[in-house]
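Asker: Protein chains in written order, with the numbering used here: chain A, 44 to 156; chain B, 6 to 240. Backbone N, C-alpha and C define an ideal beta-carbon position, used for all residues, glycine too.
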């Protein structure tokens, strides 16, 4: 499905942002054979009470947002990953072994409050 | 301070990934086509948002979520008298299985022997490959070491190209009894070199084999915590 692009007024609201991780930036390209990098993404944005119900929110986020309006010392609900998926990595270890394993929860598919 | 923080965070994450420290391989190992294909297929499926069963390797036909291509850490026996000993090549093969966690279950263990270009064999002498499990420690003497009791596994007449051997039972035994992992003994024997004209070809063939031989153990394991086994059928 196409990723919905928030309108300018909604840009500050909680949503998924693209983040491509290049293993070269971390110096990991010396031991990771494949992939060279992956689209990890991240979640960022506000979770205002008025939009809590429409931002893929948990019941807890709704309650926290409600409490925030009553007591501003309670922080607002936060924007977090709500659906993650794994990636497979092929790498070489210090014993010259080549290893292929998958790692859970490496890619953010969806965000919510 | 920033560098130290990065180092600390990197180490913590690598431990989380199951690595003791940042790998720094000195030389890159050849990656078999099958592993590259698995990675490419998974990347393509992820890009197309196709749901994947990452606990089944359709390319290998087995269940498993971790594939290791273990490097051989064995050594060559040096035999200066090839024609007298009838050994073209003798090599100890050793694969370190200590990284395989106790909870992991073996679903595949395949020894791959790449003997190099098959052109060596067309004009050479008649050879036979023999593979055995070493069951007693090597005896280290003044000359070459000798393995103790061995259990013959398989014999292949006229070997060439890439050979594969199923070592699932052997690897399982080694994992359950790490002290009994004394490796394998690979021997390539000269079956018939009575023709003196073959002697030069024999020397060339054996030297070529020593240069090009590459052994590895492909091990697939399944972590029951990450991959649930299919329920047993009721009788």
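Could you name the residues of the region 64-89 of chain A whose beta carbon sits closer than 7 Å to any beta carbon of chain E, in the order they occur along the chain?
Answerer: Of the protein chains in the structure, A and B, none is chain E.
Asker: Report yes if the CB atom of residue 155 of chain B is closer than 7 Å to the CB atom of residue 102 of chain B, and no otherwise.
Answerer: On the second chain, position 150 is the one that residue 155 of chain B refers to. On the second chain, position 97 is the one that residue 102 of chain B refers to. No, they are not a contact pair.
Asker: Between B:173, B:180, B:135 and B:209, which has its C-alpha nearest residue 160 of chain B's C-alpha?
Answerer: Stepping through the second chain from its first residue, residue 160 of chain B is reached at position 155. When each option's Cα is compared against that of residue 160 of chain B, the closest is B:135.
Asker: Please report the straight-line C-alpha distance between residue 91 of chain B and residue 163 of chain B, rounded to a whole angstrom.
Answerer: Along the second chain, one-based indexing puts residue 91 of chain B at 86. Along the second chain, one-based indexing puts residue 163 of chain B at 158. C-alpha separation (whole angstroms): 15 Å.
Asker: Applying the 10 Å Cβ sphere with the 16-neighbour rule, what's the burial state of residue 83 of chain B?
Answerer: Translated into positions along the second chain, residue 83 of chain B becomes position 78. Burial call: exposed.
Asker: Would you tell me roughly how many angstroms separate the C-alpha atoms of residue 156 of chain A and residue 116 of chain A, rounded to the nearest one?
Answerer: For this step, residue 156 of chain A is matched to residue 113 along the first chain. For this step, residue 116 of chain A is matched to residue 73 along the first chain. Between residue 156 of chain A and residue 116 of chain A, the C-alpha separation is close to 18 Å.
Asker: Should residue 167 of chain B be labelled buried (16 or more other beta-carbon atoms within 10 Å of its own) or exposed?
Answerer: In the second chain, counting from the first residue as 1, residue 167 of chain B sits at position 162. By the neighbour-count rule (16 or more Cβ atoms within 10 Å), residue 167 of chain B is not buried but exposed.
Asker: Can we say the region 34-41 of chain B touches the region 70-79 of chain B, given the rule of at least three CB pairs closer than 8 Å?
Answerer: yes
Asker: Provide the residue span of the beta strand (DSSP E) that contains residue 55 of chain B, from first to last.
Answerer: The sequence position of residue 55 of chain B within the second chain is 50, counting from 1. Run containing residue 55 of chain B: none; DSSP gives neither H nor E here.
Asker: Are the C-beta atoms of residue 62 of chain B and some chain A residue less than 7 Å apart?
Answerer: Translated into positions along the second chain, residue 62 of chain B becomes position 57. So no, residue 62 of chain B is outside the interface.
Asker: In whole angstroms, what is the alpha-carbon distance linking residue 19 of chain B and residue 57 of chain A?
Answerer: Here residue 19 of chain B is taken as the residue at index 14 of the second chain, counted from 1. Here residue 57 of chain A is taken as the residue at index 14 of the first chain, counted from 1. Those two C-alpha atoms are separated by around 29 Å.
Asker: Quick check on residue 140 of chain A - is its C-beta less than 7 Å from some C-beta in chain B?
Answerer: As a working mapping, residue 140 of chain A is identified with position 97 in the first chain. Closer than 7 Å: yes.
Asker: Determine the burial state of residue 141 of chain B: buried for a count of at least 16 other Cβ atoms within 10 Å of its Cβ, exposed for fewer.
Answerer: The residue given as residue 141 of chain B occupies position 136 in the second chain. The residue in question, residue 141 of chain B, is exposed, as its Cβ has fewer than 16 Cβ neighbours within 10 Å.
Asker: Looking at the unbroken beta strand (DSSP E) that takes in residue 7 of chain B, where does it start and where does it end?
Answerer: Against the second chain, residue 7 of chain B aligns to sequence position 2. Taken as a continuous stretch (DSSP letters only), residue 7 of chain B belongs to no beta strand (DSSP E), being part of the alpha helix (DSSP H) at 7-21.
Asker: Counting only Cβ-Cβ distances shorter than 8 Å, please list the residues of the region 127-138 of chain A near chain B, keeping chain order.
Answerer: 128, 129, 130, 131, 133, 134, 135, 136, 137 and 138
Asker: Under 9 Å, CB to CB, which of the residues in the region 24-36 of chain B have a partner in chain A?
Answerer: 24, 25, 26, 27, 28, 29, 30, 31, 32, 33, 34, 35 and 36
Asker: Please state whether DSSP places residue 99 of chain A in a helix, a strand or coil.
Answerer: Locating residue 99 of chain A in the first chain gives position 56, counting from the first residue. In the structure shown, residue 99 of chain A sits in coil (DSSP, three-state: anything other than H, G, I, E or B).
Asker: Is the beta carbon of residue 222 of chain B less than 7 Å from the beta carbon of residue 100 of chain B?
Answerer: As a working note, residue 222 of chain B is residue 217 in the second chain. As a working note, residue 100 of chain B is residue 95 in the second chain. Contact flag set, yes.
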